[in-house]
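Peer 1: Residue numbering for the sequence shown follows our numbering, beginning at 1 and increasing consecutively.
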Amino acid sequence: MNDFTAFNNFFDHIYVISLHRAQERQEAIKKNLEGLNYEFFWGADKQDHPISEMISDGIYNEAMAIKNHRYHKPLSSGQICCGWSHKHVYQDLISKGYQKALILEDDVIAESNIGKFGHLIIKELPSNWELLYLDYNRNEKKNVIRQYWYHVQKFFGGLTWSHTSIQNLYPKKLSEHLASAGFHDFTNAYAITATAAQKLVQLQTPIAFLADNLLATACTTKMVNGFIALPKLFSQLSQGSGKLTQSYVDD
């Protein structure tokens, strides 16, 4: 069993986002996260929410989503419901007065190093931190040529990212176990503060960002003071080249 003492002591609340139908995942999580004081949080299921309904109810703005998407695409029903589920967590955090919370998705796996590094990462967090990625993907190593090319694309109107986001595309190491967050994928394991939750709700009302692009945009525009953990402390079964389970976003 992994040692989650640092997380249990540090966070006011720990959420695991799941769907009512994901019973197999929930049973697996009970084993994978044994010792962690978490609560299942029921997310929005795309099987229950047609896109037309989410548009008419003002939950999702397709025009804004197309504008925000790097390739000018609308969001799928699974992507909308994923973003909506995370938004519900932010709103719950705010309404219940939690100051800092850990947010996990229901197919995470804690890395074996979590007991060794968890408390070190938390100890190095500055007092003004707002978001901490415990797993992340993409843009981990700086590529100056690619970054320059993105600036050129933006200048000629071919990229939706701001020049500020492009400038902050890659993480910058700040201490032994922390780096500033770049523009990363994944929302399977991250922590936020109440101030970050308020900003993310505002940015995602109505829903117009992919869940992970919301965090990446907030971090790279410096709306939110974001960091990544060194090393990563979680992985996800539904992502990566060797993914072991289907994603509820694209099933």
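Glycine included, every Cβ here is placed at the ideal spot set by N, Cα and C.
Note that the structure is a prediction, hence the values are computed from the model and not measured.
Which two residues bound the contiguous alpha helix (DSSP H) that contains E140?
Peer 2: Run containing E140: none; DSSP gives neither H nor E here.
Peer 1: Taking all protein chains shown into account, decide if A63 is buried (16 or more other Cβ within 10 angstroms of its Cβ) or exposed.
Peer 2: By the neighbour-count rule (16 or more Cβ atoms within 10 Å), A63 is not buried but exposed.
Peer 1: Less than 8 angstroms between the C-beta atoms of L131 and A196, yes or no?
Peer 2: Their beta carbons are under 8 angstroms apart, which means L131 touches A196 by this criterion.
Peer 1: Run through the DSSP bridge pairs and tell me what G256 is partnered with.
Peer 2: Absent from the structure is residue 256, since the part of the chain shown begins at 1 and ends at 251.
Peer 1: Give the single residue among S77, H13, L230 and F7 whose Cα lies nearest to the Cα of A211.
Peer 2: It is S77.
Peer 1: Can the beta-carbon of L102 be found closer than 8 angstroms to that of F7?
Peer 2: Yes, they are a contact pair.
Peer 1: Using a Cβ-Cβ cut-off of 6 angstroms (strictly less than) and excluding sequence neighbours within five positions of V108, which residues of its own chain qualify?
Peer 2: Excluding positions up to five away in sequence, the list reads N188, A189, F234 and Q236.
Peer 1: Considering only the beta carbon of each residue, do T193 and Q91 sit closer than 8 angstroms?
Peer 2: Their beta carbons are not under 8 angstroms apart, which means T193 does not touch Q91 by this criterion.
Peer 1: Less than 8 angstroms between C-beta atoms, sequence neighbours within five positions excluded: which residues of the same chain meet that for A179?
Peer 2: Here the set comprises P171, K172, K173, F227, I228 and L230.
Peer 1: Does the Cβ-Cβ distance between N9 and I114 come in under 8 angstroms?
Peer 2: Against a cut-off of 8 angstroms, the Cβ pair of I114 and N9 comes out as no contact.
Peer 1: Output the boundary residues of the beta strand (DSSP E) element that contains W84.
Peer 2: No beta strand (DSSP E) contains W84, which is instead part of the alpha helix (DSSP H) from S77 to S95.
Peer 1: Checking the sheet assignment: what are the DSSP bridge partners for A6?
Peer 2: Answer by DSSP bridge pairing: none, since A6 is not bridged.
Peer 1: Could you give the DSSP three-state label for T320: helix, strand or coil?
Peer 2: There is no way to answer for residue 320, as the model of the chain reaches only from 1 to 251.
Peer 1: Determine the burial state of W149: buried for a count of at least 16 other Cβ atoms within 10 Å of its Cβ, exposed for fewer.
Peer 2: Counting Cβ neighbours within 10 Å, W149 comes out exposed, since fewer than 16 surround it.
Peer 1: Among I59, W42 and N137, which one has its Cα closest to the Cα of Q239?
Peer 2: Among I59, W42 and N137, the Cα nearest to that of Q239 belongs to N137.
Peer 1: Under a three-way DSSP split, which group does A197 fall into?
Peer 2: Helix.
Peer 1: Could you give the residue range of the beta strand (DSSP E) that holds H13?
Peer 2: It spans H13 to S18 - the beta strand (DSSP E) in which H13 sits, taken as one unbroken run.
Peer 1: Using 8 angstroms for Cβ pairs, my map puts S165 next to T221. What's the rounded Cβ distance?
Peer 2: Correct: roughly 6 angstroms between the Cβ atoms.
Peer 1: Given a threshold of 16 other Cβ atoms within 10 Å of its Cβ, counted over all protein chains shown, does T5 qualify as buried or as exposed?
Peer 2: Exposed, by the Cβ-count rule.
Peer 1: On the DSSP bridge list, what partners appear for S175?
Peer 2: DSSP lists L178 as partners of S175.
Peer 1: Does the region 12–21 touch the region 33–42, meaning 3 or more C-beta pairs lie closer than 8 angstroms?
Peer 2: A contact exists between the region 33–42 and the region 12–21.
Peer 1: Rounded to whole angstroms, what is the Cα-Cα separation between V224 and K199?
Peer 2: If you take the alpha carbons of V224 and K199, they lie about 8 angstroms apart.
Peer 1: Consult DSSP for W149 and reduce its assignment to one of helix, strand or coil.
Peer 2: W149: helix per DSSP, three-state reduction.
Peer 1: Considering only C-alpha positions, which residue in the set P206, Q26, F183 and H49 is nearest to R70?
Peer 2: The option with the nearest alpha carbon to R70 is F183.
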